[in-house]
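Colleague: Residue numbers (the working numbering): 20 to 358.
My questions will all concern the structure given below.
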Ligand code: WQD
């Protein structure tokens with residue numbers, strides 16, 4: 020049985036759906052800070068499967084222990100954590116407390132119940148502005164620019180240090196690039212709280228008429244069209260990456276105690292190219308204006324994905340057009356459901 024902390028969130032819910040459809044037994048622990056219980060209903064509707072859900076805070080060790088006592092947990096995928104960059108800048112203690120405490124509580128509980136396999140949801144933000152593009156896992160980290168990124172960086176080190184002294188613990192750290200899109204059913208997807216910070220939900224809300232116009236933050240970067248380049252990856256490709264990582268761990272194919280993998284497409288697209296692809300794939304015009312650069316943005320960030328292909332046998336398959344079409348279908352569903 021696989022425990023997904025934060026399994027009702029954006030990446031977690033898509034991974035839960037794919038795990039269930041691949042015959043895995045899943046249990047979810049989520050406090051619904053970044054989600055709502057109807058996501059659980061939709062996962063059940065998509066998969067036709069029944070699974071346990073615990074509405075708990077992962078920092079609550081007693082509540083967490085109950086999950087390990089009542090379920091034969093074989094591995095944990097740790098999604099739970101706050102992830103809004105702007106919020107992390109405004110409330111750093113809240114971010115460090117929650118993201119690090121939940122990880123420490125999880126590690127102590129896993130140790131107590133002899134569960135030795137852990138996959139961690141990390142982020143390419145730990146690279147900062149990498150001097151090496153495309154970015155390999157060996158690129159320097161620790162040049163984070165916000166408490167959210169630093170919390171991921173600190174947790175990576177907590178996991179590595181813990182695995183190094185645990186005789187049979189194995190950890191996989193997955194560094195996500197830019198997850199976008201939604202499950203093809205249109206029933207689950209990204210649910211930003213308030214005004215979206217990220218590009219794709221802002222584009223789909225502009226397409227839906229919820230936002231009047233998209234502000235493109237900077238058009239004078241040293242890139243092919245002056246706008247920032249990112250490695251956008253379909254959330255379902257990302258979910259598949261977690262299954263490949265799980266098979267790698269459960270199959271004892273890992274060499275060291277901790278292994279780090281980039282989950283990206285290896286291709287970079289500019290903001291203008293994303294807008295263009297969205298318009299061509301949905302037939303919807305996106306009004307935009309150029310605005311000043313956003314603090315903290317780096318000109319280019321896209322992955323070297325050779326290691327995941329070599330060791331996990333995983334690579335992304337969906338195109339940017341697939342991501343735009345699936346993101347729009349989810350937005351249309353949200354409009355109908357008044358989400
Ligand atoms: C992409 C590009 C913006 C909004 C962040 C986190 C990363 C990960 C993904 C969690 C940038 C531009 C955006 C808008 C714009 N999250 N943009 N107008 O900043 O690359 O990555 O989200 O793991 O950790 O750092 O993603 O979607 O915010 O921005 O022009 O209204 O779109 O300037 O160039 P980002 P993003």
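Virtual Cβ for every residue (Gly too), placed ideally from N, Cα, C.
Could you tell me whether any non-hydrogen atom of ligand 1 is closer than 7 Å to the CB of residue 146?
Modeller: Checking every heavy atom of ligand 1 against the Cβ of residue 146, none is found closer than 7 Å.
Colleague: Quick check on this structure: which residue in 132, 224, 353 and 274 has the alpha carbon closest to the alpha carbon of residue 85?
Modeller: Nearest C-alpha to residue 85: 132.
Colleague: Name the residue from 126, 155 and 318 whose alpha carbon lies nearest to the alpha carbon of residue 78.
Modeller: Among 126, 155 and 318, the Cα nearest to that of residue 78 belongs to 126.
Colleague: Could you tell me which uninterrupted beta strand (DSSP E) segments, each at least 3 residues in length, are contained entirely in the stretch 145-214, listed from first to last along the chain?
Modeller: Those beta strand (DSSP E) runs which fall completely within the stretch 145-214 and span 3+ residues are 189-195 and 197-199.
Colleague: Quick one: what does DSSP say residue 142 is sitting in, helix, strand or coil?
Modeller: Residue 142: strand per DSSP, three-state reduction.
Colleague: In the DSSP assignment, the beta strand (DSSP E) including residue 93 goes from what residue to what residue?
Modeller: Note, residue 93: premise wrong, no beta strand (DSSP E); not H, not E.
Colleague: Say the cut is 7 Å; is the CB of residue 316 nearer than that to a heavy atom of ligand 1?
Modeller: Residue 316 Cβ: within cutoff of ligand 1.
Colleague: In terms of alpha-carbon separation, which member of 150, 234 and 128 lies closest to residue 306?
Modeller: Nearest C-alpha to residue 306: 234.
Colleague: Find out if the Cβ-Cβ distance for the pair residue 337, residue 256 is shorter than 8 Å.
Modeller: Their beta carbons are under 8 Å apart, which means residue 337 touches residue 256 by this criterion.
Colleague: According to DSSP, what are the bridge partners of residue 249?
Modeller: Answer by DSSP bridge pairing, in chain order: 288 and 320.
Colleague: Nearest-angstrom Cα distance between residue 57 and residue 323?
Modeller: Cα to Cα, the separation comes out at about 36 Å.
Colleague: Excluding five sequence neighbours on each side, which residues of the same chain lie with their C-beta closer than 6 Å to the C-beta of residue 90?
Modeller: The residues are 20 and 46.
Colleague: Do you know how far the Cα of residue 42 is from the Cα of residue 232?
Modeller: Going from the Cα of residue 232 to the Cα of residue 42 covers about 43 Å.
Colleague: So, for residue 248: in the same chain, excluding its five sequence neighbours on each side, which residues have a beta-carbon less than 6 Å away from its beta-carbon?
Modeller: Answer for residue 248: 242, 287, 289 and 319, listed in chain order.
Colleague: Cα separation between residue 61 and residue 328?
Modeller: Residue 61 and residue 328: Cα-Cα distance of roughly 31 Å.
Colleague: Between residue 233 and ligand 1, is there a pair consisting of the residue's CB and a ligand heavy atom that are separated by less than 7 Å?
Modeller: Result yes, Cβ under 7 Å from ligand 1.
Colleague: Which residue from 196, 106, 183 and 135 puts its Cα closest to that of residue 147?
Modeller: Checking every option, the nearest Cα to that of residue 147 belongs to 196.
Colleague: Assuming residue 27 contacts residue 51 (C-beta within less than 8 Å), just tell me the rounded distance between them.
Modeller: About 6 Å separates the two Cβ atoms, so the contact holds.
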